[in-house]
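Residues -22 to -1, 1 to 172 (mature numbering (1 follows the signal peptide of the UniProt record, and there is no 0)) are what the sequence shown spells out, left to right.
Please read the structure below before turning to the comments.
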Amino acid sequence: MQKSLWIFLLAILAGCTTQTTAPSYSYGVVTTGDFSFLARNHNYTYAWQPGEAVAKVPDTIDADVYRAAIRQAIDEVMRVKGYSLTHWETGPAMLIDFGIATESGMTDQEIFDKTQISTGIQVSAEPGERGEKGTLYVAVFDPIYELPRWRVLAQGPTESDNLSRPEDKKELQQIISSMLRPIPTNNSSTIVLP
């Protein structure tokens, strides 16, 4: 009897404890295309597509801060995969471009019309509200034909208007790393991060 009372009390106490869990962000990611064009070129270089990345975001978001952070995150992923950044006029193996948008800046239909990709995810916030749907699009181009050969689109709720918190930058890096995982790795010079 006393033993079952202790078990009962332990069960109640265990039920009263709270655990802090990290916020869970749900993102939809869709990829299309392939890297077969790289087979003809053993040159592990890439360059940025000429021009500025598209940013269809409200004035409350500093598009330049996001452009710089995304570019830096992509550069880091490519470096870890063994690629060297070069100028687009030097004949890189691939060109990379990206774009960002919030739902208030560009609708899903407009994004689909431009990219021919859709994740189909829904978010609870309305366009213009905190948590509205955000989109990040990355395209890898064959520099010879100037056509996008591989594309990835990620969509999810926007949680921050800026990247002032370290966890925002870390989350952005994780999303981009996940998005670019299919890019082939140069196994002869892969860098392992500590």
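Yeah, the Cβ is synthetic: ideal placement off N, Cα and C, and Gly gets one too.
If you're wondering where the values come from, they're calculated on a predicted model, not measured in any experiment.
Given this structure, state the Cα-to-Cα distance separating residue i from residue j, to the nearest angstrom.
{"i": "Phe15", "j": "Tyr44", "result": "30 Å"}
{"i": "Gly112", "j": "Asn165", "result": "33 Å"}
{"i": "Ile89", "j": "Ile48", "result": "19 Å"}
{"i": "Ile78", "j": "Glu30", "result": "11 Å"}
{"i": "residue 254", "j": "Val130", "result": "Here the chain comprises residues numbered -22 to 172, so residue 254 is not present and cannot be evaluated."}
{"i": "Ser4", "j": "Asn140", "result": "19 Å"}
{"i": "Arg143", "j": "Ser96", "result": "29 Å"}
{"i": "Gln152", "j": "Tyr123", "result": "31 Å"}
{"i": "Asp146", "j": "Ile154", "result": "12 Å"}
Can you tell me whether residue i is buried or exposed? The criterion is at least 16 other CB atoms within 10 Å of its CB, across all chains shown.
{"i": "Gln100", "result": "exposed"}
{"i": "Ala(-1)", "result": "With a pLDDT of 42 at Ala(-1), under the threshold of 50, the modelled position of this residue cannot be trusted; read the value that follows with caution. So Ala(-1) counts as exposed."}
{"i": "Gln133", "result": "buried"}
{"i": "Ala46", "result": "exposed"}
Tell me the DSSP secondary structure of residue i in three-state form.
{"i": "Ile89", "result": "helix"}
{"i": "Pro144", "result": "helix"}
{"i": "Asp53", "result": "helix"}
{"i": "Leu16", "result": "helix"}
Find out if the Cβ-Cβ distance for the pair residue i, residue j is shorter than 8 Å.
{"i": "Ile74", "j": "Val8", "result": "no"}
{"i": "Ala51", "j": "Leu150", "result": "yes"}
{"i": "residue 180", "j": "Pro70", "result": "The structure shown has nothing for residue 180, since the chain only spans -22 to 172."}
{"i": "Pro121", "j": "Met72", "result": "yes"}
{"i": "Leu114", "j": "Phe76", "result": "yes"}
> With a cut-off of 8 Å, do at least 3 Cβ pairs link the region 55 to 72 to the region 154 to 163?
Replying inline: With a cut-off of 8 Å, the region 154 to 163 and the region 55 to 72 count as touching, because enough Cβ pairs lie within range.
> Is it a yes or a no for the region 32 to 44 touching the region 65 to 83, going by three-plus beta-carbon pairs under 8 Å?
Replying inline: Touching, yes.
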